[in-house]
Amino acid sequence: MTTTSPGQAAPGRQMWPLYAAGFTTAFGAHGIAANLGGFSDDAVTSLLVLGGLLALYDGAEVLLKPLFGTLADRIGARPVLLGGLVAFAAASAAYVVADSPGWLWAARLGQGAAASAFSPSASALVARLNPAARHGRAFGSYGFYKSIGYTLGPLLGGVLVWAGGLRLLFAVLAVLGAAVAVWAALCVPHVPPLAKARQTVLDLARRLADPVFLGPTAALAGATAALSVGVGFLPVSGAAAGLGTVATGAAVSVLAASAAFVQPKAGRALDEGRLTVRCGLTAGLLITSAGLGCAMLPGLVGVLSGAVLIGAGTGLITPLGFAALAASTPAERLGQTMGSAELGRELGDAGGPLLVAAVATLATLTYGYATLALLIAVGPLLALAAHRWTERSPARARRGVIGADVREADVE
Numbered sequence: 481m482t483t484t485s486p487g488q489a490a491p492g493r494q495m496w497p498l499y500a501a502g503f504t505t506a507f508g509a510h511g512i513a514a515n516l517g518g519f520s521d522d523a524v525t526s527l528l529v530l531g532g533l534l535a536l537y538d539g540a541e542v543l544l545k546p547l548f549g550t551l552a553d554r555i556g557a558r559p560v561l562l563g564g565l566v567a568f569a570a571a572s573a574a575y576v577v578a579d580s581p582g583w584l585w586a587a588r589l590g591q592g593a594a595a596s597a598f599s600p601s602a603s604a605l606v607a608r609l610n611p612a613a614r615h616g617r618a619f620g621s622y623g624f625y626k627s628i629g630y631t632l633g634p635l636l637g638g639v640l641v642w643a644g645g646l647r648l649l650f651a652v653l654a655v656l657g658a659a660v661a662v663w664a665a666l667c668v669p670h671v672p673p674l675a676k677a678r679q680t681v682l683d684l685a686r687r688l689a690d691p692v693f694l695g696p697t698a699a700l701a702g703a704t705a706a707l708s709v710g711v712g713f714l715p716v717s718g719a720a721a722g723l724g725t726v727a728t729g730a731a732v733s734v735l736a737a738s739a740a741f742v743q744p745k746a747g748r749a750l751d752e753g754r755l756t757v758r759c760g761l762t763a764g765l766l767i768t769s770a771g772l773g774c775a776m777l778p779g780l781v782g783v784l785s786g787a788v789l790i791g792a793g794t795g796l797i798t799p800l801g802f803a804a805l806a807a808s809t810p811a812e813r814l815g816q817t818m819g820s821a822e823l824g825r826e827l828g829d830a831g832g833p834l835l836v837a838a839v840a841t842l843a844t845l846t847y848g849y850a851t852l853a854l855l856i857a858v859g860p861l862l863a864l865a866a867h868r869w870t871e872r873s874p875a876r877a878r879r880g881v882i883g884a885d886v887r888e889a890d891v892e
C-alpha cells in the first residue's frame, strides 16, 4: 500500500509539493469566491450570475473527482496530479490574457475541472507515500496546509483584487499552479499503478455502500457542510448583531485557524494510539454540532464560540476520516476512493448552506443552524447505537481492513 518501508514516512521533500497542491486548491477556491461579488461589476451583473460562477467550480468537482480518482488508479496518481496542476495554471492564465466576462466563466470551469484532477491524486499520494501507521500525521499535515489556503484565500485574495483587480488574482494563481507543478515534477516520486482485479459496477456499488466507506465519508461531508455554513453565515449573524466587517471577517479566520491548529494534533494522536477513528469522528461531529448550537447565541460570543468549535470539530474529523478511508481501501483503488470521498465533501459543501438558507427563509437563521446541528449530531449517535462504525489504532492499521479489526475485537 506504500512505496516506503514499514514504519518509515516519506521524506519531507516528497510531501511538501503535495501540501502545496492542497493549499492551491483551497486558496484558489476561496480566494476567487470571496471576491467575485465585490470587485467585478463588469462580469458579475447580478446575484444569479454570481451564484452561477460560484457553482461552476463546485459543480465541476462533483462531476469529475470520482472520474479522475479512477484515472489515477489506472495510470498512476503522479501524472494526474501534474496534469491537473498544469491545467489549473492554464485556466487561470486564460482569464489573465482574455479579461472578458465569457472567459471568466471558462476560467472558473477550467479551474474546477483541474482541481478535480489534482486534489484526489494528492490525497492518494499522501496515502501511498506513507505507511498506514503514519497516515494520521500525513493527512493532518495535508489538511493543515489546506486550511491555511482557506484562511488566506479571502484575505490575500482581497488584497490582490484591490491592488490589481481579478486579473492580478488569476495571474497569481497561474504562477502558483505552474510553480507547484514544477516542484511536484522534481520531487514527487513515480508511484506505479498496482495490478488490480476487474471491478464491475456492482462491485463498486457494494464497496461504496459499505459502512467502512460510508461512515468516514458521511463524517467528512457533515464537517464540510458545517464549515461552509460557518464561513458563509457567521458573518451574517455578526452583521445582524451590529458587528463590523472586520469583526465578522476575523471570526471566519478564527474558524479556519482553529481547524488548521487541530488537524496535525488529531493525526498524531491517531498514529500514537491515543485516539481511535470511531471516538475521534464521533467527538468531532458532536463538537461541530455544539459549534452550530453556539452560533445560535446572539452577539460576538455566539459568533466566536461557534467559529472556534466548528473549526475544532472539522479539524478533528478531516485527518481521521481520510486516514480511515486510506486504511480500509486496497492500494490499487485509493484514487477511486479518495475521489468518491471528495464527492461526498463537495455535496456537503453545497448542501449545508442550501439547507440552512432554506430553513432561514421559512423561519430564521437561528433555526437554520439548529437544523444542521441536529442532523450532524444524530448521525454519530445512530451509528454508535448500531455498532456499525469502525475503530482502529495504528497497530491494527498494519493488519489490514478496518472491518476485520472490528470483527477481531468482537472475538477478543
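In this note's numbering, the protein residues as written are 481 to 892.
Using N, Cα and C, we set each Cβ at its ideal position, and we do this for glycine too.
- Message: Using a Cβ-Cβ cutoff of less than 7 Å, which residues in the same chain neighbour T680 once the five nearest sequence positions on both sides are dropped?
- Response: Model confidence at T680 stands at a pLDDT of 47, short of 50, so the residue's coordinates are unreliable and nothing is read from them.
- Query: Taking just the CA atoms, how far does A803 sit from L814?
  - Reply: Their Cα atoms are separated by approximately 11 Å.
- Query: Can you tell me whether DSSP reads A578 as helix, strand or coil?
  - Reply: Correct three-state label for A578: helix.
- Can you give the Cα-Cα distance for A586 and A594, rounded to whole angstroms? Going from the Cα of A586 to the Cα of A594 covers about 12 Å.
- Item | Within 8 Å, strictly: CB atoms of V560 and A552 | Result yes, Cβ atoms of V560 and A552 sit closer than 8 Å.
- Could you give the DSSP three-state label for R894: helix, strand or coil? Not covered by the structure: residue 894. The range shown for the chain is 481 to 892.
- Just list the alpha helix (DSSP H) runs in the region 740-800, keeping only unbroken ones of 4 residues or longer that don't cross its boundaries, in chain order. Secondary structure in the region 740-800: the alpha helix (DSSP H) runs of 4 residues or longer, each lying completely within the stretch, are 757-775 in chain order.
- Keeping to the same chain, check which residues put their C-beta closer than 6 Å to that of G764; ignore five residues upstream and five downstream. Excluding sequence neighbours, G764 sits near G793, L796, I797.
- Query: Considering only residues of the same chain and omitting the five flanking positions on each side of G801, which have a CB-CB separation below 6 Å?
  - Reply: In its chain, beyond the 5 residues on either side, P696, A699, L700 have a beta carbon closer than 6 Å to the beta carbon of G801.
- Item | Cβ contact check for the region 767-783 and the region 633-649: 3 or more pairs under 8 Å | Here the region 767-783 makes no contact with the region 633-649; the two share fewer than three CB pairs at distances below 8 Å.
- Based on Cα-Cα distance, which residue from L845, N515, W496, A850 lies nearest to G645? Ranking the options by Cα distance to G645, first place goes to N515.
- Message: Less than 8 Å between the C-beta atoms of G818 and S603, yes or no?
- Response: Correcting the residue identity first, residue 818 is Met in this sequence and not Gly. The answer is yes: Cβ separation under 8 Å.
- Query: If you count every other CB in all the chains shown that lies within 10 Å of the CB of E752, and 16 or more means buried, which is it?
  - Reply: Exposed, since its Cβ has fewer than 16 Cβ neighbours within 10 Å.
- For the alpha helix (DSSP H) that G712 lies in, which residues bound it at each end? Counting along the chain, the alpha helix (DSSP H) containing G712 begins and ends at 691-720.
- Item | Counted within 10 angstroms of its Cβ, other Cβ atoms place T631 as buried (16 or more) or exposed | So T631 counts as buried.
- Query: For G724, which of helix, strand or coil comes out of DSSP?
  - Reply: When DSSP states are grouped into helix, strand and coil, G724 belongs to the coil group.
- Message: So, for R471: in the same chain, excluding its five sequence neighbours on each side, which residues have a beta-carbon less than 7 Å away from its beta-carbon?
- Response: Outside the modelled stretch of the chain, which goes from 481 to 892, sits residue 471, for which no answer is possible.
- How would you call S572, buried or exposed, if buried means at least 16 neighbouring beta carbons within 10 angstroms? It is buried - the Cβ of S572 has at least 16 other Cβ atoms within 10 Å.
- Task: Give me the Cβ distance between G549 and P600, rounded to the nearest whole Å; I'm assuming they're in contact under 8 Å.
- Result: Contact flag correct, Cβ pair sits at about 4 Å.
- Task: Tell me where the alpha helix (DSSP H) around G502 begins and ends.
- Result: Unbroken alpha helix (DSSP H) run through G502: 492-513.
- Query: Rounded to a whole number of angstroms, what is the C-alpha to C-alpha distance between L823 and L544?
  - Reply: Spanning the two alpha carbons is a distance of roughly 9 Å.
- Message: Using a Cβ-Cβ cutoff of less than 6 Å, which residues in the same chain neighbour A739 once the five nearest sequence positions on both sides are dropped?
- Response: Contacts found: S627, G791, T794, G795.
- Item | Continuous alpha helix (DSSP H) stretch holding R898: start and end | Look at the range of the chain in this structure, 481 to 892, and you will see that residue 898 is not part of it.
- Query: What separation, rounded to the nearest whole angstrom, lies between the Cα atoms of T846 and R608?
  - Reply: Rounded to the nearest angstrom, the two C-alpha atoms are 43 Å apart.
- Where does V655 fall in DSSP's three states? Looking at V655 - three-state DSSP - the assignment turns out to be helix.
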